[in-house]
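As structure tokens, the structure follows; a few thoughts come after it.
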Amino acid sequence: MPDPVGSASPAGPVGAATTAGAPTPASDAAAARALLTGVDVPESIAENMALFLRLVRKVLEEFDPSLLSTFDVLLADAIRASADESAETDEERAAFADLERVLEGLDESQTTMLMRAFVSYFHLANICEENYRVASLRTRESTVPTSDAEDPINDITVAYRQLVDECGRGKAIALLNRLEFRPVFTAHPTEARRKAVEGKIRRIAGLLEERPRLGGVALAENERRLTQEIDALLRTSPIAHKKPTPVEEADTIIDIFDNTLFDMVPDVYRRFDDWELGDKAGTVPPVCPAFFHPGSWIGSDRDGNPNVTAKVSRQVAEKFRTHVLERLADATYTTGRNLTLDAISTPPSDQLMSLWSHQVEMSEKLTARALGISASELHRAAMLVISERLRATIERTADVMYASADDYIADLRVVQSSLARAGATRAAYGPVQRLIWQAQTFGFHLVEMEFRQHSLVHSRALEDIREHGRWGERGELQPMTREVLDTFRAIAQIQRRNGVDAARRYIISFTKSAQDVANVYELAHLAFAHECDVPTLDVIPLFEQVEDLEGAVDTLDAMIRLPEVQRRLGQTGRRLEVMLGYSDSSKDAGPTSATLVLHRAQAEIARWAEDNGIDLVLMHGRGGAVGRGGGPANRAVLSQPKGSVNCCFKLTEQGEVIFARYGDPTLARRHVESVVGATLLQSAPSIEWVNTETTQKYADLAAELDAASRERYLDLLHTDGFAEWFSTVTPLTEVGLMPIGSRPAKRGLGAKSLDDLRTIPWIFSWSQARINLAAWYGLGTACERVGDLDRLRGAYKEWPLFTTFIDNIEMSLSKVDERIARLYLGLADREDLSSKVLDEMALTRRWVLAIVGDEWPLQHRRVLGPVIRMRLPFVNVLSVTQALALRRLRTEGEGLSPAEHERLIYLILCTVSGVSAGLQNTG
């Protein structure tokens with residue numbers, strides 16, 4: 001095999017690409033820099049990406065000069081091969097062929113290091129875009145006068161003011177006090193970036209943020225440190241050495257909590273108060289309720305994941321409990337140390353004196369220590385004891401520990417009330433209120449763990465118990481049955497230690513009937529000898545397949561007649577949670593039908609809830625990819641049917657979306673304010689009217705699109721041999737080897753079963769193949785069947801659901817590449833299936849562009865469109881490399897030595913990581 005990178009003077013394919021009349025490496029590098037400065041993107045993005053390209057080239061040259069030469073040639077070919085808005089030119093086709101030829105001439109070791117360089121660059125490109133967004137938000141906020149009646153940056157304030165205008169202040173306040181945002185962090189394996197890389201990304205982001213304030217030697221030192229981090233990034237394998245355990249996956253949430261959530265969430269509350277209360281903010285009781293309530297499936301979602309056991313759930317819950325108590329204790333101690341207000345200026349209230357007496361009775365040791373530090377500062381002394389009681393709660397020291405977060409908050413309110421009565425309102429409603437907000441948000445549990453299991457597991461467990469007896473009196477119970485029963489015991493233990501809210505939700509995957517709900521309650525009772533030990537449960541049906549969504553109301557009707565559900569409704573004010581699955585419905589019927597079926601199901605469930613006096617909470621099982629309900633969450637909220645949001649929005653957050661939305665405090669705050677503002681605004685009469693009227697107006701169009709798109713989609717899936725073909729033309733098997741989650745890619749059956757294949761690898765694999773079929777297939781045929789462009793444009797203009805759907809499809813199409821798709825489709829000899837895909841791709845692209853009025857995808861998006869186009873040449877290098885490696889694996893698989901096979905798999909996994917980072921929202 002030629003070794004063009006092994007010598008100082010490139011030979012082989014690289015040399016061929018740089019012969020007389022062809023570009024030289026120097027001109028190749030210039031072409032790359034020209035791309036970064038020539039595309040119409042914000043100047044700071046272009047400048048920072050050019051800086052990072054220069055530094056990547058620098059560390060690559062230090063690593064191996066010949067690799068730099070090849071890197072430049074590959075990038076230059078990819079740039080020249082980039083198709084413009086019109087048809088592909090001969091020059092672009094030739095450049096694409098050159099790109100393939102150069103890559104085919106490299107051996108695995110050369111290619112692997114080059115791909116790691118491209119992967120590193122995508123992480124840096126993501127930093128550039130985040131840096132721009134943060135800077136833009138800060139600039140916009142700096143231009144808003146504090147005397148304005150409305151904050152155009154804060155979507156919550158804007159929404160609240162609109163509610164006041166439309167409904168009156170009384171109704172607006174009532175809606176505000178109902179407000180809830182419930183993001184549920186899951187461990188679904190779509191985050192292809194390993195944790196060791198994330199630390200480097202954060203440090204690089206921090207260094208980049210410093211640069212505008214630096215000059216001279218300081219700027220030079222900044223660049224040296226940037227280069228050092230980028231060098232380490234290049235030399236760090238993008239692929240983790242092993243899959244994380246569920247307990248280790250909990251670190252994802254803890255990392256986000258420490259870096260973002262713990263301080264960001266009270267900042268969001270305070271910002272709303274600042275605008276609503278003006279100069280009084282921080283001196284009077286707050287207006288903003290603690291509406292942010294995070295949940296988690298990590299360590300508790302056992303549907304198809306044998307690695308999540310009752311023992312694991314206990315360990316994860318304890319990890320969360322310990323961590324949040326440590327943070328609360330530290331924050332309470334810091335606040336207490338700063339309350340140096342003596343009894344002369346700020347006399348304690350009778351309530352505070354009583355609290356102090358109670359603390360003395362509880363522990364003379366703790367109070368004596370606190371009094372020694374704060375002899376005449378009783379507020380300070382009481383807070384220091386409160387802090388020590390939190391630390392005792394970690395150790396579960398019975399004499400002094402807090403029984404619950406409510407008890408801790410009650411003590412804080414005593415201190416707050418005493419400060420306020422003594423005139424120290426700024427201390428009362430400033431730092432002490434911040435602690436109260438944090439405790440109300442995170443409790444002693446950090447996140448509310450939600451347990452999930454497949455309905456079939458429950459029914460099989462009950463059959464086993466009926467055959468062998470509750471305690472196995474007539475023969476040994478199956479291991480799965482014992483695990484199911486132990487899960488309920490784990491829930492009970494978590495509730496005793498962390499509070500009922502820490503683990504009261506139990507989700508049933510593939511809910512078919514009310515009997516599935518009854519089974520869970522029956523199993524929960526069978527797990528305990530004494531009725532008083534049974535945990536409090538809110539059993540949540542998950543409707544995910546189309547037929548289940550269409551029959552959801554009938555199931556819910558029967559469900560609320562169950563005695564256990566009636567009892568729980570009486571305890572919760574008739575609140576009921578229902579979960580909708582975006583993934584499986586999309587895989588079952590195609591993206592267009594799934595979108596319309598889900599919208600119809602929400603409207604029917606909302607009407608049913610109103611008729612039955614149910615306080616409905618709909619949970620949206622969305623992912624990052626368009627095929628999984630991805631796209632801007634705030635726009636999705638505003639397009640929901642009347643009564644389906646009800647001032648509470650709950651959704652799953654997973655994979656790369658978690659880091660993208662919550663990794664940076666400024667962007668996380670913006671995301672939360674945006675979603676919460678939409679959640680509040682969705683109750684405005686004007687929004688409800690638009691959604692209701694347009695849904696009715698375009699009901700016939702929806703029916704036509706549904707029928708035609710579903711027919712086209714199912715025709716593809718039901719083609720003989722489709723499952724095997726899909727496994728061949730995408731990196732499905734290889735994606736399953738990624739050590740990016742504890743959860744298997746399949747539920748347990750063979751790889752030939754599409755029914756058993758989880759939706760995440762289904763969608764992830766299509767995105768890796770640059771086809772994104774799960775996002776758009778069937779839409780083009782449906783639009784062609786309708787055949788009325790004016791009618792479709794009218795729906796796009798007027799109907800929020802259709803607008804959001806088409807915009808998301810256009811975004812997905814912007815990342816599709818027909819030439820690369822052909823490389824993947826060519827991995828199998830099925831021209832019939834390949835033609836179906838490519839024909840539908842072209843048809844969908846033509847109709848979507850016509851509907852939105854663009855010549856190329858995202859043409860009207862001032863920043864997003866150019867940024868994606870600027871990224872694509874870099875992504876294309878990785879995609880072509882992956883396709884060629886798969887071709888070799890498919891054709892030479894049995895003839896490869898174990899070492900060759902391992903190297904080839906590692907190369908493919910590196911490209912998977914890079915394409916994921918380059919395309920974003922892939923999972």
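Note that full-length UniProt numbering has the sequence shown beginning at 1, numbered continuously upward.
No residue lacks a Cβ here, since even glycine has one placed at the ideal position from N, Cα and C.
In this text the structure is predicted, and so the values were computed from the model without any measurement.
Euclidean distance between Cα positions of residue i and residue j
| i | j | result |
| --- | --- | --- |
| N259 | D251 | 12 Å |
| S44 | I868 | 16 Å |
| E381 | W356 | It is Ala, not Glu, that sits at residue 381 in the sequence shown. Whole-angstrom Cα-Cα distance: 8 Å. |
| W297 | S313 | 10 Å |
| K512 | H671 | 35 Å |
| I658 | A398 | 37 Å |
| K815 | L667 | 23 Å |
| A899 | G893 | 12 Å |
| S767 | L773 | 8 Å |
| F442 | R466 | 41 Å |
| Q416 | R321 | 25 Å |
| G883 | Y582 | Per the sequence shown, residue 883 should be read as Ala rather than Gly. Those two C-alpha atoms are separated by around 29 Å. |
| R846 | G780 | 8 Å |
| V848 | P591 | 14 Å |
| S913 | W689 | 44 Å |
| L556 | I507 | 14 Å |
| D817 | I771 | 7 Å |
| H860 | D854 | 7 Å |
| E902 | R460 | 40 Å |
| L261 | F185 | 13 Å |
Neighbour-count burial assignment, residue i, 16 or more Cβ in a 10 Å radius
| i | result |
| --- | --- |
| N177 | exposed |
| R890 | exposed |
| G895 | exposed |
| L872 | buried |
| Q571 | exposed |
| Q696 | exposed |
| A410 | exposed |
| S812 | buried |
| K319 | buried |
| K642 | buried |
| K650 | buried |
| N338 | exposed |
| A375 | exposed |
| T335 | buried |
Coil, strand or helix - residue i by DSSP
| i | result |
| --- | --- |
| S683 | coil |
| S69 | helix |
| G105 | coil |
| G621 | strand |
| L701 | helix |
| L576 | strand |
| E450 | strand |
| V597 | helix |
| C647 | coil |
| L907 | helix |
| D720 | coil |
| I394 | helix |
| F543 | strand |
Contacting residues, own chain, Cβ-Cβ under 6 Å from residue i (five flanking each side not counted)
| i | result |
| --- | --- |
| L477 | D464 and H468 |
| L124 | F52 |
| L801 | H599 and S639 |
Spatial neighbours of residue i in its chain, beta-carbon cut-off 8 Å, leaving aside the 5 residues before and after
| i | result |
| --- | --- |
| E518 | Here the sequence assigns Ala to residue 518, which means Glu is not the residue at that position. Within the same chain, A518 has close Cβ partners L562 and E564. |
Beta-carbon contacts of residue i that lie in its chain and below 7 Å, excluding the five residues immediately before and after
| i | result |
| --- | --- |
| V675 | F181, A633, N634, V637 and F649 |
query = Would you call the segment 290-305 and the segment 180-188 in contact, with 3 or more CB pairs under 8 Å?
reply = yes
message = With three or more beta-carbon pairs closer than 8 Å as the criterion, would you say the segment 101-117 touches the segment 61-81?
response = yes
The segment 119-139 / the segment 208-219 touching (three or more Cβ pairs under 8 Å) = yes
request  = Could you say if the segment 419-426 and the segment 266-278 meet the contact criterion of at least three C-beta pairs nearer than 8 Å?
outcome  = no
query = Counting Cβ pairs, one atom from each stretch, are 3 or more of them under 8 Å apart for the segment 498-505 and the segment 543-550?
reply = no
message = Pairs of beta-carbons, one from the segment 718-726 and one from the segment 794-813, closer than 8 Å: are there three or more?
response = no
inquiry  = Count Cβ pairs between the segment 390-407 and the segment 338-353 that sit closer than 8 Å; are there 3 or more?
reply    = no
key: the segment 690-709 / the segment 775-790 touching (three or more Cβ pairs under 8 Å)   = yes
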